[in-house]
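The UniProt record's numbering applies: residue 1 is where the sequence shown begins, and numbers increase by one. Every residue, glycine too, gets a C-beta built ideally from N, C-alpha and C. Predicted, not measured: the structure shown is a model, and the values here were computed from it.
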Amino acid sequence: MENLQSAVDTLVHSSNTLFILIGAVMVLAMHAGFAFLEVGTVRQKNQVNALSKILSDFAVSTLAYFFIGYWLSYGVTFLQPAAVLSADHGYGLVKFFFLLTFAAAIPAIISGGIAERARFVPQLCATALIVAFIYPFFEGMIWNGNYGLQAWLTAQFGAAFHDFAGSVVVHAMGGWLALAAVLLLGPRNGRYRDGKLVAFAPSSIPFLALGSWILIVGWFGFNVMSAQTLQGVSGLVAVNSLMAMVGGTVAALIVGRNDPGFLHNGPLAGLVAVCAGSDLMHPVGALMTGAIAGALFVWCFTAAQVKWRIDDVLGVWPLHGLCGVWGGIACGIFGSTALGGLGGVSLISQLIGTALGVAVALIGGFAVYGSIKALHGLRLSQEQEYYGADLSLHKIGAVSQD
């Protein structure tokens, strides 16, 4: 019997390790989606910079999260013998890999907002600070119960703040951090003339669409594998993700009047919004959540660019920041049993947790980017911006005319 139990335990641990490893690789692949979404959206003179930022940010994020961030969130350090780290088939290591890909999504999100005028090295410094300190502070509070917030919410309102796959912890955090950076940077040169918006056309709709599709596919690893074990996996999460993606697509297609940029960001808006409650909602509730998010993105992107003059190149604040906030709230609405959900959520807890995430992101964003701006500067010179970040920073263009 002991041998049988040992064999079962080995199978469970190895299966869970493989399961979360697949999820980690799928979310890692999403970073290619971030890269090509940005490559297709920016002007051609900034395409190399877009690619370089995403990969460099991931490398810096890995170092910051491995040595500091993961320890702050979960109290786990990897400065131990390999024999200890490899226990249970190295599940603890692969769990770090999986959660790292979430943490690294924060600077990937920010990258799209500050594109075309941000300096390279200062952004890497900001990435290190955000992934080492700002993001882990809130991540640990929500997903590890640090600082007693979740226990207090449960005692006061009957349920903790629920964010299954990171509508607020990852996406809203990234979007509101990006807003702080965008406001401190200011708009691109020539974006507004005589009080009017000047259109900067995307360099490549095919690359933009490719980035969107890579993100869509990887998102099923992002959401479904957030169960982190095979025992916890649920087809409900997969179908809810699908329905929210479709809802966001259809809404953006209609509200955006066939614009391909809106169309390919619509499914991403729906997926951002469904992350929090994807394990609780009824598929119809997920569809509605995604549809509202798709329309919200189009309306708010247009208002931000035209009315509020916030030059957020990829619209990461509307897409991740606002749709992430909607996702946190939608979880408390459509996750309730009254609307077909599984229940166990409190709308008040969702509102408090979501508002706290926004506050942490804004305070952290202004602190990090404001300090770097004061000490080293954030922005390219006017000449560098004119010639483009590719030639100015990387000394090579995206394409050769030879």
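Selection from Pro202, Leu268, Ser6 that minimises the alpha carbon distance to Asp88: Residue mapping note: residue 88 aligns to position 88 of the sequence shown, counting from 1. With distances taken between Cα atoms, Asp88 lies closest to Ser6.
Rounded to whole angstroms, how far is the Cβ of Gly140 from the Cβ of Leu72, which I believe are closer than 8 Å? What you label residue 140 is simply residue 140 of the sequence shown in a count that begins at 1. What you label residue 72 is simply residue 72 of the sequence shown in a count that begins at 1. About 6 Å separates the two Cβ atoms, so the contact holds.
Taking the alpha helix (DSSP H) that Asn223 falls in, what are its first and last residues? Along the sequence shown, one-based indexing puts residue 223 at 223. Its alpha helix (DSSP H) spans residues 205-224.
From His162 to Gln350, what distance separates their C-alpha atoms? The residue labelled residue 162 in the question sits at position 162 within the sequence shown. The residue labelled residue 350 in the question sits at position 350 within the sequence shown. In a straight line, the C-alpha of His162 is about 7 Å away from that of Gln350.
Closest by C-alpha distance to Glu38, when choosing among Gly113, Val60, Phe262, Phe97: Here the question's residue 38 lines up with position 38 in the sequence shown. Considering only alpha carbons, the answer is Gly113.
What are the partner residues of Ala118, as DSSP defines its beta bridges? What you label residue 118 is simply residue 118 of the sequence shown in a count that begins at 1. Its beta-bridge partners are Arg379.
DSSP state of Leu314 mapped onto helix, strand, coil: Within the sequence shown, numbered from 1, the residue matching residue 314 stands at position 314. It is coil, neither helix nor strand.
Closer than 8 Å is the cut-off here; do at least three beta carbon pairs connect the stretch 38-58 with the stretch 217-224? no
Between Asn46 and the rest of its own chain, which residues show a CB-CB distance below 7 Å, the 5 nearest in sequence each way excluded? Position 46 of the sequence shown holds residue 46. Closer than 7 Å at Cβ, skipping near neighbours: Ala115, Glu116, Gly388, Ala389, Asp390.
Run the CB neighbour count on Tyr70, radius 10 Å, all protein chains shown included, and call it buried at 16 or more, exposed below. As a first step, residue 70 must be located in the sequence shown, where it is residue number 70. Buried, by the Cβ-count rule.
Cβ-heavy atom distance, Leu271 to the ligand GDP, below 7 Å: With respect to the ligand GDP, the structure shown offers nothing to examine, as it has no ligands at all.
For His282 and Ala359, what's the separation of their Cα atoms in angstroms? On the sequence shown, residue 282 is found 282 positions in, with the first residue counted as 1. On the sequence shown, residue 359 is found 359 positions in, with the first residue counted as 1. If I take the Cα positions, the gap works out to 30 Å.
Exposed or buried, Asn189, counting other C-beta atoms within 10 Å across all chains shown (16 or more means buried)? Sequence index remark: in the sequence shown, residue 189 carries index 189 (1-based). Asn189 is exposed by the Cβ-count criterion.
Residues near Ala251 by beta carbon distance below 7 Å, same chain, minus five either side: As a first step, residue 251 must be located in the sequence shown, where it is residue number 251. Gly266, Ala291, Gly294, Ala295, listed in sequence order.
If you draw a straight line from the alpha carbon of Ala108 to that of Pro187, how long is it in whole angstroms? Walking along the sequence shown from the start, residue 108 turns up at place 108. Walking along the sequence shown from the start, residue 187 turns up at place 187. Their backbone Cα atoms lie some 19 Å apart in a straight line.
Per DSSP, which residues does Leu197 bridge with? Please list them. Looking up residue 197 in the sequence shown gives position 197. According to DSSP, which records beta bridges pairwise, Leu197 is partnered with Tyr192.
Is it true that the stretch 175-182 meets the stretch 316-332, where meeting means three or more beta-carbon pairs spaced less than 8 Å apart? yes
Length at least 4, wholly inside the stretch 147-176: the alpha helix (DSSP H) runs in chain order: 149-157
Spatial distance of Gly218 from Val368 (CA atoms): Counting from one through the sequence shown, the residue named residue 218 turns up at place 218. Counting from one through the sequence shown, the residue named residue 368 turns up at place 368. Gly218 and Val368: Cα-Cα distance of roughly 30 Å.
Measuring CB to CB, does Ala286 end up less than 8 Å from Met243? Mapped onto the sequence shown, residue 286 falls at position 286. Mapped onto the sequence shown, residue 243 falls at position 243. Yes, the pair counts as a contact, with Cβ atoms nearer than the cut-off.
In this structure, does DSSP put Val25 in helix, strand or coil? For the purposes of this step, residue 25 is taken as residue 25 along the sequence shown, with counting starting at 1. Note: Val25 maps to helix in three-state DSSP.
According to the neighbour-count rule (16 or more other Cβ atoms, all chains shown, within 10 Å of its Cβ), is His376 buried or exposed? Here residue 376 refers to the residue found at position 376 when the sequence shown is read from its first residue. Label assigned to His376: exposed.
Roughly how many whole angstroms lie between the Cα atoms of Leu93 and Phe200? Residue mapping note: residue 93 aligns to position 93 of the sequence shown, counting from 1. Residue mapping note: residue 200 aligns to position 200 of the sequence shown, counting from 1. Between Leu93 and Phe200, the C-alpha separation is close to 44 Å.
Just to confirm, are His171 and Cys275 a CB contact at a threshold of 8 Å? For the purposes of this step, residue 171 is taken as the residue at position 171 of the sequence shown. For the purposes of this step, residue 275 is taken as the residue at position 275 of the sequence shown. Yes. Within cutoff.
Under the assumption that Gly340 contacts Val298 (Cβ atoms under 8 Å), give the Cβ distance between them as a whole number of angstroms. Walking along the sequence shown from the start, residue 340 turns up at place 340. Walking along the sequence shown from the start, residue 298 turns up at place 298. Not really, about 27 Å apart at Cβ, beyond 8 Å.
How is the alpha helix (DSSP H) around Gly92 delimited, first residue to last? For the purposes of this step, residue 92 is taken as residue 92 along the sequence shown, with counting starting at 1. Counting along the chain, the alpha helix (DSSP H) containing Gly92 begins and ends at 87-103.
Express the C-alpha separation of Phe120 and Leu362 in angstroms, rounding to a whole number. Working through the sequence shown from its first residue, we reach residue 362 at position 362. Working through the sequence shown from its first residue, we reach residue 120 at position 120. In a straight line, the C-alpha of Leu362 is about 22 Å away from that of Phe120.
Once the 5 residues before and after Cys125 are set aside, which same chain residues still bring their CB inside 7 Å of it? As a first step, residue 125 must be located in the sequence shown, where it is residue number 125. Closer than 7 Å at the Cβ level, and outside the excluded window around Cys125, lie Ile372.
For Cys331 and Ile106, I'd like the C-alpha separation in whole angstroms. Position 331 of the sequence shown holds residue 331. Position 106 of the sequence shown holds residue 106. Answer to the nearest angstrom: the Cα atoms are 21 Å apart.
Residue from Leu215, Val246, Gly235, Ile205 whose Cα sits closest to the Cα of Pro260: As a working mapping, residue 260 is identified with position 260 in the sequence shown. It is Ile205 whose Cα lies nearest to the Cα of Pro260.
Short of 6 Å in beta carbon distance, which residues of its chain neighbour Ala64, apart from the five on each side in sequence? Order them along the chain. To locate residue 64, count along the sequence shown from 1; it is residue 64. Result list for Ala64: Ala128, Val131, Ala132, in chain order.
What residue range does the alpha helix (DSSP H) around Lys395 cover? Taking the first residue of the sequence shown as position 1, residue 395 is located at position 395. Run containing Lys395: none; DSSP gives neither H nor E here.
Within the continuous alpha helix (DSSP H) that includes Leu72, where are the two ends? Locating residue 72 in the sequence shown gives position 72, where the first residue counts as 1. Unbroken alpha helix (DSSP H) run through Leu72: 70-74.
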